[in-house]
Amino acid sequence: MGVPTTAELENNSNQKKYTVNRTSKGDLVISKIVCGLLVLLAMILIALAALLTYFLLPYCPNEATPEALRKAVVKDGPARLPRSIQPLHYRLQIIPFLEEGNFTTNGAVQINVNVTESTNKIELNINDIEINQHSVAVKRVSDDKSVKVSDQKYDNESQKYIISLAESLKEGDQYQIAITYNGKLNDYMQGFYRSSYIDSNTKDVRWIASTQFSPTDARRAFPCFDEPSFKAKYTVSIARPSNMTSLSNMPKRESVVVVDRKDWIWDHFKETPQMSSYLVAFVVSDLQPFRFNSSEKLFTIWSRRDALEQTRLAMDIGPRILSYFERYFGIDYPLPKIDMVAVPDFGFNAMENWGLITFREAVLLFDEKISTVEDKRAVATVLAHELAHQWFGNLVTPKWWDDLWLKEGFASYLLYYGVNFVFPDWNILTEFIMTEVHKAFAIDSLKSTHPLTFTVHSTDEIRQMFDPISYSKGASIIRMINNFLGERTFKAGLIKYLHTFTYSNARRDDLWDVLTQQAHEDGNLHDDLSIKEIMDSWTVQSGFPVVTAVRNGKRVDVSQKRFTFDKSFAEDTLWWVPLSYTTDLRTNFDDTSPKQWLKKETGKNFEIEANRWWLVNPHQTGISHSSFFMTSSLWIASLL
Ligand SMILES: [Zn+2]
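Quick note: the sequence shown uses the numbering used here, first residue 148, plus one each step.
Quick look at the structure:
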């Protein structure tokens with residue numbers, strides 16, 4: 148429970164209610180001065196806890212590390228692509244050269260597209276790619292009729308390649324765009340990049356080519372419609388030296404020797420399901436596979452040969468967490484395999500690429516002899532986060548990055564369920580408040596915070612969304628919904644949401660509609676009320692409220708006010724706040740359903756049935772600071 152700030156205490160005209168004097172009964176004396184000092188001390192402790200939480204706790208899984216941000220090459224952002232052309236299928240062939248002095252790629256892509264509105268212009272995203280202009284060709288799929296290219300140019304500012312045509316592409320027709328190009332295996336961990344490690348036996352440098360396309364870097368590896376709503380199927384082929392292996396999202400269909408280079412192999416992969424470009428991935432390396440259990444068909448973990456033994460923990464818990472999520476969602480994992488790769492150089496903690504999850508070594512490898520309990524926790528939480536994404540993010544994807552929390556919030560929330568399943572003795576669900584809610588509080592109490600969802604266009608703006616607001620506040624409001632709707636309605640709503648938008652995209656309003664429908668069906672929400680009305684106050688407004696509850700006998704007065712450390716920053720944001728409580732006459736600490744709501748109003752009063760004590764916000768399921776310094780809370784203290 149939180150405390151009111153000094154200013155709130157000073158502004159309060161009825162401070163006597165914070166003073167308890169029961170000397171007549173001889174059991175408790177707290178003067179106004181002592182109470183004030185205690186409050187001040189508590190405030191300092193909370194501020195310290197918030198700062199320590201922010202600076203010491205590990206970054207959220209998947210959040211960019213300072214190293215990645217420092218190395219990030221971010222240009223002014225791209226404008227959105229027009230909606231007139233929708234990609235259906237990519238046929239991608241790519242040859243990465245991992246040779247000293249030649250870290251480049253040769254690529255060829257054929258994109259089949261559907262034209263939804265006649266146009267004589269094709270706009271694709273590219274970044275740091277050189278197009279072979281003579282190769283650019285457009286033809287109609289139905290009769291192979293060529294469409295003449297009249298002009299083509301780079302628009303570096305918007306990270307686009309624009310192809311102008313002599314005639315319009317017709318609405319309703321399908322066309323194929325064919326392009327060959329040259330790219331780079333860069334060393335700043337974006338797009339298709341190079342990484343290396345030293346072989347401990349030979350002391351040789353071993354090179355790896357890996358990918359990090361999220362959020363906007365598939366365009367560094369191949370020309371594409373690089374927005375999450377442009378879902379398409381991908382058929383990928385990768386050429387590699389015969390002493391290395393290649394991996395992509397899907398299993399291999401076949402491998403054949405490259406015609407004019409006998410020491411090179413083409414790996415042809417099976418076609419993917421409908422997916423967003425940021426989830427495409429490939430790895431070319433001499434990393435080694437390890438399977439401990441021959442009956443395990445889905446999972447393979449790849450690491451340096453020296454570190455293979457350290458993949459045991461991930462191999463033990465990965466399949467069990469995945470099965471847990473399959474049962475929880477009632478939807479089987481949609482792909483035929485999962486490769487998990489410990490990449491020696493990785494800018495993020497991990498990336499949930501569909502079927503090919505990449506990790507930095509520290510959050511996938513675990514050495515029984517020297518790793519700590521905290522290391523074990525990191526492996527379990529990051530693994531569960533990425534596996535939850537296989538449904539929330541990969542199967543159902545936010546339509547645009549302004550709703551990033553719709554995948555990151557869910558993965559950050561559901562990871563607690565996954566970890567709790569494999570390590571029930573950790574009681575990790577009880578850590579949620581300190582790890583997520585207070586991490587969100589620390590940022591969200593600053594003037595510089597931002598709403599969970601807000602308009603973003605540029606690559607720069609999109610990258611800034613990957614912060615504790617999207618992850619921890621996102622997870623916290625999802626937990627709040629779960630608690631005010633109840634687990635049964637919440638879970639049924641999520642399953643309906645996943646089924647409705649499977650292999651497709653969704654906005655937050657789509658989730659609100661499904662949850663509202665489920666809540667009305669289950670009788671958990673008044674017919675006149677929608678989840679959108681409640682939750683918009685949490686997603687489109689920044690900050691969070693401090694809720695003050697004052698009890699006088701049966702009457703309770705509650706009020707809300709935005710919480711901030713900066714007293715010069717006053718504003719009048721109001722939220723829909725679920726008020727759950729329990730009393731000595733109706734004691735149930737696990738009942739988190741709201742008995743009252745603050746409906747975007749500054750305050751209200753109601754009556755409760757209690758003799759001695761009552762407790763507001765048990766389990767801190769609402770994400771507001773609560774304060775109730777009054778007789779009843781001190782009674783609880785005296786009972787403990
Ligand atoms: Zn994530």
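All C-beta atoms, glycine included, are put in the ideal place defined by N, C-alpha and C.
So what does DSSP say about M498, is it helix, strand or coil?
-> strand
To the nearest angstrom, report how far apart W552 and I273 are at their CA atoms.
-> 26 Å
Is it buried or exposed for S780, if we count other Cβ within 10 angstroms and need 16 for buried?
-> Low per-residue confidence applies at S780: pLDDT is 35, beneath 50, and the placement is therefore not dependable enough to give any value.
Is K516 helix, strand or coil when you go by DSSP?
-> coil
Looking at C-alpha atoms only, which residue of D719, K586, T358, T649 is the closest neighbour of A622?
-> When each option's Cα is compared against that of A622, the closest is K586.
Could you say which of Y644, D614, R400, D410 lies nearest to R387 if we only look at CA atoms?
-> D410
Per DSSP, cross-strand counterpart(s) of N333 | DSSP output for N333 lists Y340 as bridge partner(s).
Using a Cβ-Cβ cut-off of 6 Å (strictly less than) and excluding sequence neighbours within five positions of M487, which residues of its own chain qualify?
-> I448, I504
Report the three-state DSSP secondary structure of T711 (helix, strand or coil).
-> Reduced to three states, the DSSP call for T711 is coil.
Based on Cα-Cα distance, which residue from K307, L561, F588 lies nearest to P370?
-> K307
Going by the C-beta, is Y471 closer than 8 Å to any heavy atom of ligand 1?
-> no
Cβ pair D433, Y340 closer than 9 Å = no
Skipping 5 residues on each side, what residues in its chain have a beta carbon closer than 8 Å to that of K643?
-> V661, Q664, Q665
When we look at the beta-carbon of E521 and count the other beta-carbons within 10 Å, is it buried (16 or more) or exposed?
-> exposed
Distance, M336 Cα to K679 Cα | Those two C-alpha atoms are separated by around 38 Å.
Below 9 Å between beta carbons: does that hold for S384 and L561?
-> no
Any 3 or more C-beta pairs closer than 8 Å across the stretch 595-611 and the stretch 572-585 | Using a C-beta cut-off of 8 Å, the stretch 595-611 makes no contact with the stretch 572-585, since fewer than three inter-stretch Cβ pairs fall below that distance.
Is F372 helix, strand or coil when you go by DSSP?
-> coil
Measuring alpha carbon to alpha carbon, tell me which of F712, N699, F570, V724 ends up nearest W761.
-> Per the C-alpha coordinates, the member of F712, N699, F570, V724 positioned closest to W761 is N699.
Around the C-beta of F601, are 16 or more other C-beta atoms found within 10 angstroms, so that it is buried, or is it exposed?
-> F601 counts as exposed, since fewer than 16 other beta carbons sit within 10 angstroms of its beta carbon.
heavy atom of ligand 2 below 8 Å from A558 C-beta | This structure simply doesn't include ligand 2; it includes ligand 1 instead.
Just curious, the beta strand (DSSP E) that Y381 is in, first and last residue?
-> Counting along the chain, Y381 sits inside the beta strand (DSSP E) bounded by residues 380-388.
For E533, is the beta carbon positioned less than 8 Å from some heavy atom of ligand 1?
-> yes
Okay, do the stretch 324-331 and the stretch 360-377 touch, 3+ Cβ pairs below 8 Å being the bar?
-> yes
N-terminal and C-terminal residue of the alpha helix (DSSP H) that P466 is part of | Residues 459-476.
For F244, the three-state DSSP class (helix, strand or coil) = strand
Distance between beta carbons of A558 and L511, contact taken as under 8 Å = That belief does not hold up - the Cβ atoms of L511 and A558 are roughly 16 Å apart, past 8 Å.
Under a CB-based cut-off of 9 Å, is V687 close to chain B?
-> No chain B is part of this structure, which consists of one protein chain only.
Any heavy atom of ligand 1 closer than 8 Å to the Cβ of N540?
-> First, the residue type needs correcting, since residue 540 is Gly and not Asn in the sequence shown. The answer is yes for G540.
Near T686, which residues of its chain fall below 8 Å by C-beta distance, leaving aside the five closest residues on each side in sequence?
-> Beyond the five residues adjoining it in sequence on each side, T686 comes within less than 8 Å, by CB distance, of W552, P598, L599, T600, I624, R655 in the same chain, given in chain order.
Does at least one heavy atom of ligand 1 sit under 8 Å from the Cβ of K444?
-> no
In chain order, what residues of the same chain lie with their CB nearer than 7 Å to the CB of S342, ignoring the 5 residues before and after it?
-> Apart from sequence neighbours up to five positions away, the residues of its chain that approach S342 with a beta-carbon distance below 7 Å are I355, S357, V490, P491, D492, ordered along the chain.
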